[in-house]
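Some notes on the structure that comes next.
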Amino acid sequence: MENLQMLFMGFSVVLTLENVLVTMLGAVLGLIVGAMPGIGSLAGVALLLPLTYKFNPTTAIIMLGSLYYANMYGGSFSAILLNIPGDSPAVMTALDGYPMATKRNRPGQALFTANMSSFIGGLIGMLILTFMGPLLADLGLKFGPAEMTALLLVAMTSIGWLVGESPTKGVVLTMVGILLASMGMDTLTGSPRYDFGNMYLLGGIPFTPFVIGAVGFSQVLKLMEERNKKVEAHLNQKLTIRGSLLTLHDFRRLVPPAIRSGFMGTFVGVLPGAGATTGAFLGYAAQKAFKSEEPLGSGAIEGIASCEAANNAAAAGSFAPLLALGIPGSGTGAVLLGGLMMWGLNPGPLLFSTNPDFAWGLIASLFLANLLTLIIALGIIPFLVKILTVPVKMLIPIITVVCVVGGYSTSNSMYGVIIMFLSGLFGYILDRNGYGVAPMLLAFVLAPLLESNMRKAFIISHGSMGIFFEKPIAAFLIIVLFAIILTPVIKFVLRKAGVLKK
Amino acid sequence: MQTKKITSKMVIPVVTAVIAVLFIYLGITKYGFWHELRGPLPGFFPTIIGFALLALSFLAFLGGRKEEDTKYPIENWYPALGVIGIMLATLVIGMLPSLAIFVILWLKVFEKYNWKTTFVGLVIIMAIVIGAFVMWLGVPFPKGLIYNLIAY
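Listed in order, the protein sequences are those of chains G and U. The opening position of the first sequence corresponds to residue 1 in my numbering, with each subsequent residue numbered one higher. The opening position of the second sequence corresponds to residue 503 in my numbering, with each subsequent residue numbered one higher.
Below is the structure:
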């Protein structure tokens with residue numbers, strides 16, 4: 001009950017005219033950016049990050065939360081209408097969404113199903129977050145520096161391990177992200193280090209230009225290959241809101257898979273590295289065990305509902321470790337965490353007790369964003385084809401300009417543009433070689449927390465490694481860490497020895 | 503004897519290994535690793551991570567040797583050239599005119615859009631920049647050498 005009271009207090013924070021308008025703005029921008037094929041939620045949130053500078057911290061955080069959440073909705077639009085997933089979680093949506101829109105000639109209903117299922121899944125995720133977030137925070141309060149160090153190492157390496165094509169490459173970039181973050185000032189003593197005599201590097205690498213470049217500008221370079229692709233929607237009818245409404249029978253088919261996937265997706269979202277994409281895959285896979293009126297893959301409502309509910313629930317669920325432990329579950333979560341830190345907020349076990357306004361305000365804003373995004377998402381159905389078919393040729397200069405001004409606006413100096421430019425080139429080269437940048441961003445954000453906890457642990461133990469094995473939680477987490485790190489090494493050795501197939 | 507071609511998948515781990523060595527070297531020699539009384543020093547954490555990165559870079563290098571080479575189409579670098587152009591032009595004519603010229607050149611000369619589409623694109627982009635960044639966020643964009651010469 002106390003949690004519900006706190007949630008209502010959160011609503012009292014959120015329900016001001018400014019915050020509601022900002023949530024709507026975040027929802028509209030998030031939907032549009034999320035819907036455009038090729039941009040995706042990570043680049044979308046990164047590109048829109050500078051827009052929050054003007055607001056007070058609470059409002060800025062509410063906008064970031066709403067942006068992130070609406071992005072999850074937007075990814076399904078292009079998957080359904082164009083068979084081009086706007087984001088990786090929408091890959092599964094395309095399997096049934098596109099056939100429903102084209103073969104079954106029900107594009108509006110496919111969009112409505114995706115929106116409604118996203119709403120149901122998100123709502124379930126948020127309700128669980130309301131109760132689980134503070135519980136996780138209570139558990140987190142029992143964590144000392146050794147446990148936090150072990151937990152952060154597990155989170156960082158597991159994301160490096162799970163995201164991208166190779167575990168080794170993911171963990172390499174995790175380490176690079178940590179080293180880049182250690183440039184500037186030492187976290188405990190404040191003395192300069194790794195500044196290479198450069199005045200600008202004394203303050204470290206600024207987060208916003210770094211992330212805009214690594215995901216936004218590198219995306220522009222990648223989009224160049226698609227600039228001559230013609231994007232067309234093969235629909236036989238005009239999209240209208242009235243023509244998109246679902247029948248009662250459709251609703252009956254939609255609700256059970258959406259509820260099931262909502263619960264499952266939330267728990268998947270809590271796990272670091274799993275995130276919305278895994279949630280969507282598992283939601284769809286689980287639906288195969290249940291009865292669907294039409295076969296999955298042929299345009300079944302159940303197929304769309306299961307993956308859309310799961311990915312939005314996972315997005316909501318990922319807020320639990322983000323807020324309660326300060327550990328994001330994905331690259332987009334890392335950008336969001338960086339944004340929160342930019343506003344002087346340190347998500348972690350103490351957040352719910354020291355900054356209840358922020359914590360509960362953000363959770364309440366997710367509920368509001370979920371509802372507003374649903375309404376806006378249904379409202380823009382008639383305009384979707386126009387939004388989705390904006391030529392890539394036109395998007396390239398737009399995103400390039402936003403990257404330049406976004407990089408500049410952080411520090412009001414060309415230093416930000418240079419960082420954006422270099423990290424963009426760096427991100428592009430890495431991406432071309434199968435190194436996804438998400439683990440690097442996550443490590444960059446979490447490195448200061450990891451370093452301060454690790455050093456505190458060693459100060460307490462007078463340099464003994466025993467501190468990581470004496471307490472059961474820390475010992476368990478260290479075993480998990482070793483399992484994560486050693487798996488690729490053992491696989492490599494076994495392959496060399498011919499025990500495993502190449 | 504056949505020599506193996508050096509690919510970017512092999513170069514990247516070498517670069518990360520060099521970064522690791524640099525951080526380890528500076529961590530130990532300049533910032534300090536451990537103090538008997540004060541415990542870990544500023545170089546402690548980056549040095550440990552540096553060693554981990556060095557080991558993983560070696561593994562990534564071995565893996566990269568078997569992978570196919572990556573291609574970098576020349577036109578993918580054009581936006582990067584555009585940004586370099588914007589940065590240089592900003593020094594002379596300021597950022598906003600540089601951005602406007604970039605958009606016009608990109609849409610009209612590179613993409614060969616007609617003047618109407620180019621103008622519409624320019625208006626949309628400049629509306630975003632001026633509306634969101636100049637009017638809303640109040641970002642003082644650099645005005646460039648020419649403006650400064652005229653104004654002062």
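Note that the Cβ used here is the ideal one computed from N, Cα and C, for glycine as well.
Query: Helix, strand or coil for U/Arg567 per DSSP?; Result: coil
Query: How far does the alpha helix (DSSP H) with G/Gly30 in it extend, from its first residue to its last?; Result: 17-35
Query: Taking the alpha helix (DSSP H) that U/Arg540 falls in, what are its first and last residues?; Result: Premise fails: U/Arg540 is in no alpha helix (DSSP H) and is neither H nor E.
Query: Mind reading off the beta-carbon distance from U/Lys645 to U/Gly596? Whole number of angstroms is fine, and I expect it under 8 Å.; Result: 4 Å
Query: Going by beta-carbon coordinates alone, are U/Thr518 and U/Leu555 separated by less than 8 Å?; Result: yes
Query: Does the CB of G/Glu225 have a neighbour CB from chain U at under 8 Å?; Result: yes
Query: With a threshold of 8 Å between beta carbons, is G/Leu67 in contact with chain U?; Result: no
Query: Does any residue of chain G have a CB that is nearer than 8 Å to the CB of U/Trp617?; Result: no
Query: Going by the CB atoms, is the gap between G/Ala300 and G/Gly133 shorter than 8 Å?; Result: no
Query: Please state whether DSSP places G/Arg106 in a helix, a strand or coil.; Result: coil
Query: Which residue from G/Gly74, G/Phe352, G/Val176, G/Thr157 puts its Cα closest to that of G/Phe131?; Result: G/Phe352
Query: Would you kindly work out how many angstroms separate the C-alpha atoms of U/Pro542 and G/Arg455, rounded to a whole number?; Result: 6 Å
Query: Write down every uninterrupted run of the alpha helix (DSSP H) in the stretch 305-339 of chain G whose length is 4 residues or greater and which is fully enclosed by it, in chain order.; Result: 319-325
Query: In chain G, which residues lie with their C-beta within 9 Å of the C-beta of U/Glu570?; Result: Residues of chain G passing the Cβ test: none, with the nearest at roughly 10 Å.
Query: What does the alpha-carbon distance come out to for the pair U/His537 and G/Leu151?; Result: 26 Å
Query: Compute the distance between the beta-carbons of G/Val176 and U/Ile550, then report whether it is under 8 Å.; Result: no
Query: Evaluate contact between the stretch 208-226 of chain G and the stretch 467-478 of chain G, counting only Cβ atoms and requiring at least three cross-stretch pairs below 8 Å.; Result: no
Query: What separation, rounded to the nearest whole angstrom, lies between the Cα atoms of G/Ser76 and G/Phe468?; Result: 44 Å
Query: Determine, for G/Val28, whether the minimum Cβ-Cβ distance to residues of chain U falls below 8 Å.; Result: no
Query: With distance defined between alpha-carbon atoms, name the residue in G/Val401, G/Met440, G/Phe482 nearest to U/Leu583.; Result: G/Val401
Query: For U/Lys511 and chain G, any beta-carbon pair shorter than 8 Å?; Result: yes
Query: Below 8 Å between beta carbons: does that hold for G/Ile62 and G/Val14?; Result: yes
Query: G/Lys229 to G/Val392, Cα distance in whole Å?; Result: 8 Å
Query: Give me the DSSP bridge partner(s) of G/Pro192.; Result: G/Met185
Query: Give a yes or no on contact between the stretch 39-52 of chain G and the stretch 334-343 of chain G, applying the rule of three or more CB pairs nearer than 8 Å.; Result: yes
Query: Just to confirm the assignment: which complete beta strand (DSSP E) runs, minimum length 3, are found wholly within the stretch 266-299 of chain G?; Result: none
Query: Going by C-alpha to C-alpha distance, which of U/Phe563, U/Val516, U/Leu601 sits closest to U/Pro581?; Result: U/Leu601
Query: In angstroms, rounded to a whole number, what distance separates the CA positions of G/Leu246 and G/Leu372?; Result: 19 Å
Query: Less than 8 Å separating the beta-carbons of G/Glu308 and G/Thr93?; Result: yes
Query: Measuring CB atoms only, is the stretch 383-397 of chain G touching the stretch 174-188 of chain G, in the sense that at least three cross pairs come out at less than 8 Å?; Result: no
Query: How many Å lie between G/Phe11 and G/Met199 at the Cα?; Result: 44 Å
Query: Among the candidates U/Val622, U/Pro642, U/Val516, U/Met637, whose CA atom is the shortest distance from the CA of U/Gly566?; Result: U/Val516
Query: Assign G/Glu2 to buried or exposed, taking buried as 16 or more other Cβ atoms, counted over all protein chains shown, within 10 Å of its Cβ.; Result: exposed
Query: Spell out a yes or no on whether the stretch 118-128 of chain G and the stretch 418-425 of chain G are touching, meaning 3 or more CB-CB pairs, one atom from each, closer than 8 Å.; Result: no
Query: Please report the residue range of the alpha helix (DSSP H) in which G/Tyr73 lies.; Result: 57-82
Query: Check the Cβ of U/Leu601 against every Cβ in chain G and list those closer than 8 Å, keeping chain order.; Result: Val401, Val404, Val405
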